[in-house]
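Residue numbers (the numbering used here): 176 to 570. Think of the CB as a built atom: it goes at the ideal place given N, C-alpha and C, for glycine as much as any other residue.
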C-alpha cells in the first residue's frame with residue numbers, strides 16, 4: 176500500500192518519523208516523503224523517495240525569526256510554533272501536498288507533530304493520518320492548542336488532530352502522557368544497530384584507551400544559530416577537567432578550526448555515526464533533543480542533559496533526571512531571559528558541566544537505571560511486525 180510520510184525541514188523532526196517510514200518500506204509498503212525542497216538531500220540520503228514541497232517564504236520567515244533575539248525563550252518558542260509551523264510552513268506546503276495526494280493517492284499519511292499541512296489535506300480527502308511522536312507525549316499539550324487555533328483560522332477542524340493514532344519509540348516508563356491528545360498510543364521498538372556498525376573508534380587518544388568515553392553532541396542546529404563558537408569554547412573548558420576521553424561533535428555548521436587548540440583529552444569532529452559512538456560511550460552529554468536522548472536510552476548509556484533553546488529540551492532534561500538515567504543541568508532563568516542574552520554563550524549552567532559529568536561517571540545508579548530502560552525498550556513490540564499490519568489500522 177502507498178504510505179506518505181510528511182515532515183518539516185528539521186533534522187530532529189525527521190529523525191522521529193524516519194524509523195517508521197523505513198519500517199513501512201521494509202514491510203513492503205511503497206513509501207514517499209513529502210518535505211520542503213530544501214530538505215531533499217536529507218530525505219534522499221535516508222534512502223527514501225522525496226516529494227518536494229515549497230519552502231516557506233524566506234522574507235516572511237526572516238521577519239518572524241528576526242523577532243526572536245528580543246523575546247524570552249518561552250515567547251520565542253510560542254512564536255516559532257504558531258507563526259512558522261502553524262502558518263508559514265502550512266501555507267507553503269498545502270499546494271504541493273494537495274498535488275501529491277490527488278495524483279499518488281496514498282492510503283495513509285504519517286506525519287510528525289509539527290507538520291500540519293498533510294493533516295489538513297488528508298482530512299479534506301478522507302485519508303487517515305497517524306502522528307509519529309518526536310519526544311514525550313506531554314509535548315503535545317504545548318503544541319496542540321496552538322495548532323488547533325491555527326487550523327481554525329483557515330477553516331479546518333482540529334478534532335482529528337487530537338484523536339488520530341500516535342506511534343512512538345519512547346518506552347512507557349519514560350514517557351509522560353498527554354492530557355490533550357485522545358487517540359490511541361502505541362509504543363514500538365526501533366531496530367537496533369547492526370553488528371557491522373559496532374566497530375572500534377579511531378585512536379584519537381593515544382595511550383588513553385582504558386579511560387571511559389564521554390560523547391558530547393548538541394545536535395545539528397546549535398552551531399548554526401549563534402551558539403558557535405562561544406558556547407562550545409565554554410564547553411571545551413569544562414571538558415578539559417573531565418578524567419575521560421571525550422568526543423565532541425559540532426554539526427556541519429561548526430568548523431573545528433574556529434575553536435583553536437582543544438584539550439588533549441578531547442577530539443572534535445563535525446559528525447560521527449552516533450550509534451557507533453554509543454556502543455563505546457560511558458556517558459552522553461546532549462541538549463535534550465529527541466534523537467540523542469532516545470538513542471542513549473536504547474543504548475543503555477546514562478546522560479547529562481544541558482537544554483539550550485527549545486521547551487522540549489527542558490522537558491526531556493527534567494525527565495532524564497526524574498527517571499534516574501542521568502542528570503539535568505537546568506538554567507532556571509532561561510525561559511524568562513531574552514534569547515540574545517543566552518544564545519552567544521549558552522546557559523549559565525554550562526559552568527557546572529564538568530562536575531555533573533564526573534558525578535554520572537562515578538555513580539553507578541544512573542548506569543543501572545539506563546540498563547533497565549534499555550531492557551524495557553527491547554521488550555517493546557517489534558516495529559516492523561507492527562507496521563506489517565498497517566492496512567488493518569487504516570480500515
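Tell me the residue span of the beta strand (DSSP E) that contains residue 210.
What you label residue 210 is simply residue 35 of the chain shown in a count that begins at 1. Here the beta strand (DSSP E) through residue 210 covers 205-211.
Report the rounded CA-to-CA distance for residue 485 versus residue 492, giving the unit in angstroms.
Residue mapping note: residue 485 aligns to position 310 of the chain shown, counting from 1. Residue mapping note: residue 492 aligns to position 317 of the chain shown, counting from 1. Approximately 11 Å between the Cα atoms of the pair.
The beta strand (DSSP E) that contains residue 225, what's its start and end?
Position 50 of the chain shown, counted from the start, is the residue given in the question as residue 225. Start and end: 224-228.
Using C-beta distances below 8 Å, list every residue in its chain close to residue 559, excluding the 5 sequence neighbours before and after it, in chain order.
To locate residue 559, count along the chain shown from 1; it is residue 384. Closer than 8 Å at Cβ, skipping near neighbours: 198, 201, 202 and 366.
Can you tell me the Cα-Cα spacing of residue 413 and residue 470, whole angstroms?
Against the chain shown, residue 413 aligns to sequence position 238. Against the chain shown, residue 470 aligns to sequence position 295. Taking the straight line from one Cα to the other gives about 24 Å.
Mapping DSSP to helix, strand and coil, what is residue 188?
Here the question's residue 188 lines up with position 13 in the chain shown. Helix.
Could you have a look at residue 335 and say whether DSSP puts it in helix, strand or coil?
Start at 1 with the first residue of the chain shown, and residue 335 comes out as number 160. Of the three classes helix, strand and coil, the one that applies to residue 335 here is helix, per DSSP.
What are the boundary residues of the beta strand (DSSP E) that includes residue 360?
Looking up residue 360 in the chain shown gives position 185. It spans 360-362 - the beta strand (DSSP E) in which residue 360 sits, taken as one unbroken run.
Using the beta-carbon count (16 or more within 10 Å), is residue 536 buried or exposed?
Numbered from its first residue, the chain shown carries residue 536 at position 361. Its Cβ being crowded by 16 or more others within 10 Å, residue 536 is buried.
Buried or exposed: where does residue 308 fall if 16 or more other Cβ atoms within 10 Å of its Cβ makes it buried?
By one-based count along the chain shown, residue 308 stands at place 133. Residue 308 should be labelled buried.
For residue 264, count the other beta carbons within 10 Å of its own beta carbon; 16 or more makes it buried, fewer makes it exposed. Which is it?
On the chain shown, position 89 is the one that residue 264 refers to. It counts as buried.
Near residue 293, which residues of its chain fall below 6 Å by C-beta distance, leaving aside the five closest residues on each side in sequence?
As a working note, residue 293 is residue 118 in the chain shown. Closer than 6 Å at the Cβ level, and outside the excluded window around residue 293, lie 181, 272, 284 and 286.
Please go through the stretch 373-445 and give each complete beta strand (DSSP E) segment of 3 or more residues, from N-terminal end onward.
388-392, 420-424 and 441-444, all fully within the stretch 373-445.
What first and last residue would you give for the alpha helix (DSSP H) that runs through residue 177?
Translated into the one-based positions of the chain shown, residue 177 becomes position 2. Segment 177-181 is the beta strand (DSSP E) holding residue 177; no alpha helix (DSSP H) there.
Pull up the DSSP beta-bridge partners for residue 307, would you.
Taking the first residue of the chain shown as 1, we reach residue 307 at position 132. DSSP output for residue 307 lists 342 as bridge partner(s).
Given a cut-off of 9 Å, decide if residue 189 and residue 221 are closer than it, judged by their beta-carbon atoms.
To locate residue 221, count along the chain shown from 1; it is residue 46. To locate residue 189, count along the chain shown from 1; it is residue 14. For residue 221 and residue 189, yes; Cβs fall inside 9 Å.
Cα separation between residue 371 and residue 454?
Indexing the chain shown from 1 puts residue 371 at position 196. Indexing the chain shown from 1 puts residue 454 at position 279. Confidence in residue 371 is poor, its pLDDT being 39 and thus under 50, which makes the residue's placement unreliable; the coordinate value appears in the next sentence. Rounded to whole angstroms, residue 371 to residue 454 spans 12 Å at the Cα level.
State the DSSP-derived secondary structure class of residue 239, mapped to helix, strand or coil.
In the chain shown, residue 239 corresponds to position 64, counting from 1. Reduced to three states, the DSSP call for residue 239 is helix.
Which residues does DSSP pair with residue 285 in a beta bridge?
Counting from 1 along the chain shown, the entry for residue 285 is found at position 110. Its beta-bridge partners are 180 and 305.
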